[in-house]
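Visitor:
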Amino acid sequence: IVVALFDKNVQNNEEHNLAVESTIGNSSYQHSKINQWMSGIVESSLSQLTKLGKPFKYIVTCIILQKNGAGLHTASSCFWDNSTDGSCTVRWENKTIYCIVSVFGLAI
Numbered sequence: 006i007v008v009a010l011f012d013k014n015v016q017n018n019e020e021h022n023l024a025v026e027s028t029i030g031n032s033s034y035q036h037s038k039i040n041q042w043m044s045g046i047v048e049s050s051l052s053q054l055t056k057l058g059k060p061f062k063y064i065v066t067c068i069i070l071q072k073n074g075a076g077l078h079t080a081s082s083c084f085w086d087n088s089t090d091g092s093c094t095v096r097w098e099n100k101t102i103y104c105i106v107s108v109f110g111l112a113i
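Structural data, given as structure tokens:
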């Protein structure tokens, strides 16, 4: 029996960093572009994950926050199999933006 494992190293954090970097890059915070940026980041991350051909269902979330001194607190909870499922979070920032991408991998 082959057991599928969600390996944080397999779905490399660099891939999600690249998704954010290529979508936002050095752009300044622009409220009118947030939906476009978030969609691009999530779609790019999911595309890279599905190319791995692993037997997982993926959930990708994205938070974009203007750097203005405001706080952000977030939490998530999952009921899953710790031996096969997992998650990772990527934090990215530039001069005016914070971006947090969370990925959850659930074995099929």
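If you're matching positions, the sequence shown starts at 6 in this note's numbering and goes up one per residue. Yeah, the Cβ is synthetic: ideal placement off N, Cα and C, and Gly gets one too. These figures come from a predicted structure and were not determined experimentally.
Can you look up W42 in the DSSP assignment and give me helix, strand or coil?
Guide: Counting from one through the sequence shown, the residue named residue 42 turns up at place 37. The answer is helix: DSSP assigns W42 an H, G or I state.
Visitor: Once you ignore the five residues that flank C67 on each side, which residues in its own chain have a CB closer than 6 Å to its CB?
Guide: Here residue 67 is taken as the residue at index 62 of the sequence shown, counted from 1. Same-chain partners within the cutoff: M43, I46, V47 and V106.
Visitor: Is the CB-CB distance between Y63 and L77 below 8 Å?
Guide: Reading the sequence shown from its first residue, position 58 is the one you call residue 63. Reading the sequence shown from its first residue, position 72 is the one you call residue 77. Taking 8 Å as the Cβ cut-off, Y63 and L77 do not qualify as a contacting pair.
Visitor: Using the Cα positions of I41 and K100, report the straight-line distance between them to the nearest angstrom.
Guide: As a first step, residue 41 must be located in the sequence shown, where it is residue number 36. As a first step, residue 100 must be located in the sequence shown, where it is residue number 95. In the sequence as presented, Ile is not what sits at residue 41; that position holds Gln. Approximately 19 Å, taken between the alpha carbons.
Visitor: Going by DSSP, name the residue or residues bridged to F61.
Guide: Numbered from its first residue, the sequence shown carries residue 61 at position 56. Per DSSP, A112.
Visitor: When we look at the beta-carbon of A24 and count the other beta-carbons within 10 Å, is it buried (16 or more) or exposed?
Guide: On the sequence shown, position 19 is the one that residue 24 refers to. Buried is the call here.
Visitor: Taking V108 as the reference, give the member of G58, I29 and S81 with the closest Cα.
Guide: Position 103 of the sequence shown, counted from the start, is the residue given in the question as residue 108. When each option's Cα is compared against that of V108, the closest is S81.
Visitor: Helix, strand or coil, according to DSSP, for Q53 in the structure here?
Guide: As a working mapping, residue 53 is identified with position 48 in the sequence shown. Helix at Q53.
Visitor: Does DSSP put I70 in a helix, in a strand, or in coil?
Guide: Numbered from its first residue, the sequence shown carries residue 70 at position 65. Per the sequence shown, residue 70 should be read as Leu rather than Ile. Note: L70 maps to strand in three-state DSSP.
Visitor: What does a CB cutoff of less than 6 Å around Y34 pick up in its chain, not counting 5 residues either side in sequence?
Guide: Counting from 1 along the sequence shown, the entry for residue 34 is found at position 29. So the qualifying residues of the chain are Q71, T101 and I102.
Visitor: Quick check on the DSSP output: the beta strand (DSSP E) that includes C83 runs from which residue to which?
Guide: By 1-based counting over the sequence shown, the position of residue 83 is 78. First-last for C83: undefined, no H or E at that position.
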